[in-house]
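Working notes, structure below.
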Amino acid sequence: MVVAPSISPAAQLSPTPSPSSRPTVTPEPETGGPQNDAAVALAQLASLPVVSGHSDAQYDRDRFGQRWLDVDRNGCDTRNDTLGRDLLDPVFKPGTNDCKVLSGLLIDPYDGQRVDFVSGWDTSVLVQIDHVVALAWSWRHGAEYWTDEERAAFANDPQNLVAASEATNQSKSDSGPSEWLPAVPELRCTYVENFVDVLHTYDLGIGAADRDAAQAVLQGC
């Protein structure tokens, strides 16, 4: 079951934070993206096969299908479904059955920063949809052997998606936990828990360095 991301709307932000200020993040059950538990994640991590993380076949984004399909057939593409789930106070375009998101407030799940989302050709990019387990990373750890249909389902699975700022999404790129972790230490547990949960759900492998990094985080949660 998909539940909400790991940054609470009540993340104790100051009333008028400056653009460069960082809010105090209080880890607690919240709204938006997937959620797991450290003990469960440690058990899941121990069950994952350790693989090299190398693929002889070149990664191709197109092998994961058209971007932002309507996989649940609710009349709304995956990007807007995720924005509507993860943004605070989303405003929807009239006549779209609460599908097309025009604006809202993002509390970034990786650094706790506030980002105002306004739909537009030069503004939408400020809030992006991050794959918790990046598509290129998944390709190198087992997804190259999936069918195209399985890859398309993975690319649009809400369990593996969170709205994030352009800055953190680009910084994270296709890294695993050994190369990238959220800037705010309090947010690392949820990220790693969710990362491992996705691997477990999809029977993906994990490299030794990423396994060790994930285990170190989870043991401190």
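Numbering-wise (my numbering), the sequence shown opens with residue 579 and increments by one. Backbone N, C-alpha and C define an ideal beta-carbon position, used for all residues, glycine too. Since the structure is predicted, the reported quantities are computational estimates derived from the model, not experimental observations.
Below 8 Å, can you find three or more Cβ-Cβ pairs linking the segment 655-669 to the segment 731-742?
-> Three or more Cβ pairs closer than 8 Å define a contact, and the segment 655-669 meets that threshold against the segment 731-742.
Alpha carbon of V649 to alpha carbon of P736, nearest angstrom | Taking the sequence shown and counting its residues from 1, the one referred to as residue 649 is at position 71. Taking the sequence shown and counting its residues from 1, the one referred to as residue 736 is at position 158. Cα to Cα, V649 sits roughly 10 Å from P736.
Could you tell me how far apart the beta carbons of D689 and V762 are, in whole angstroms, since I believe they sit closer than 8 Å?
-> As a working note, residue 689 is residue 111 in the sequence shown. As a working note, residue 762 is residue 184 in the sequence shown. The pair is a contact, with the Cβ atoms about 5 Å apart (cut-off 8 Å).
Taking all protein chains shown into account, decide if T674 is buried (16 or more other Cβ within 10 angstroms of its Cβ) or exposed.
-> Counting from 1 along the sequence shown, the entry for residue 674 is found at position 96. That one is exposed.
Which class does H709 belong to by DSSP, given the choice of helix, strand or coil?
-> Locating residue 709 in the sequence shown gives position 131, where the first residue counts as 1. Strand.
How about the segment 711-727 and the segment 626-645: do they share at least three Cβ pairs that are nearer than 8 Å?
-> yes
Since I believe F773 is in contact with V711 (beta carbons under 8 Å), could you give me their beta-carbon distance rounded to a whole number of angstroms?
-> Start at 1 with the first residue of the sequence shown, and residue 711 comes out as number 133. Start at 1 with the first residue of the sequence shown, and residue 773 comes out as number 195. Their Cβ separation, rounded to whole angstroms, is 6 Å, which keeps V711 and F773 in contact under 8 Å.
Output the distance between the C-alpha atoms of C654 and V705, rounded to the nearest integer angstrom.
-> Residue mapping note: residue 654 aligns to position 76 of the sequence shown, counting from 1. Residue mapping note: residue 705 aligns to position 127 of the sequence shown, counting from 1. Approximately 18 Å, taken between the alpha carbons.
Sort L713, L684, Q622, R657 by Cα distance to D638 and report the nearest one.
-> Within the sequence shown, residue 638 is the residue found at index 60, counting from 1. The shortest C-alpha separation from D638 is found at L713.
Cβ of D708 within 7 Å of Cβ of S756?
-> Working through the sequence shown from its first residue, we reach residue 708 at position 130. Working through the sequence shown from its first residue, we reach residue 756 at position 178. For D708 and S756, no; Cβs fall outside 7 Å.
Tell me whether the beta-carbon of I784 lies closer than 7 Å to the beta-carbon of L620.
-> Residue 784 sits at position 206 when you count from the first residue of the sequence shown. Residue 620 sits at position 42 when you count from the first residue of the sequence shown. No, they are not a contact pair.
Does DSSP put A619 in a helix, in a strand, or in coil?
-> Here residue 619 refers to the residue found at position 41 when the sequence shown is read from its first residue. If DSSP states are grouped into helix, strand and coil, A619 belongs with the helices.
Inside the segment 670-734 only - alpha helix (DSSP H) runs reaching at least 4 residues | 713-718, 726-733
Write down every uninterrupted run of the beta strand (DSSP E) in the segment 735-764 whose length is 3 residues or greater and which is fully enclosed by it, in chain order.
-> 739-743
May I ask you to list the residues that DSSP assigns as paired with L666?
-> If you number the sequence shown from 1, residue 666 lands on position 88. Note: L666 sits in a beta bridge opposite L683.
Cβ atoms of A731 and L623: under 7 Å apart, would you say?
-> Locating residue 623 in the sequence shown gives position 45, counting from the first residue. Locating residue 731 in the sequence shown gives position 153, counting from the first residue. The answer is no: Cβ separation not under 7 Å.
How should G798 be labelled, buried or exposed, when 16 other C-beta atoms within 10 angstroms of its C-beta is the threshold for buried?
-> Counting from one through the sequence shown, the residue named residue 798 turns up at place 220. Counting Cβ neighbours within 10 Å, G798 comes out exposed, since fewer than 16 surround it.
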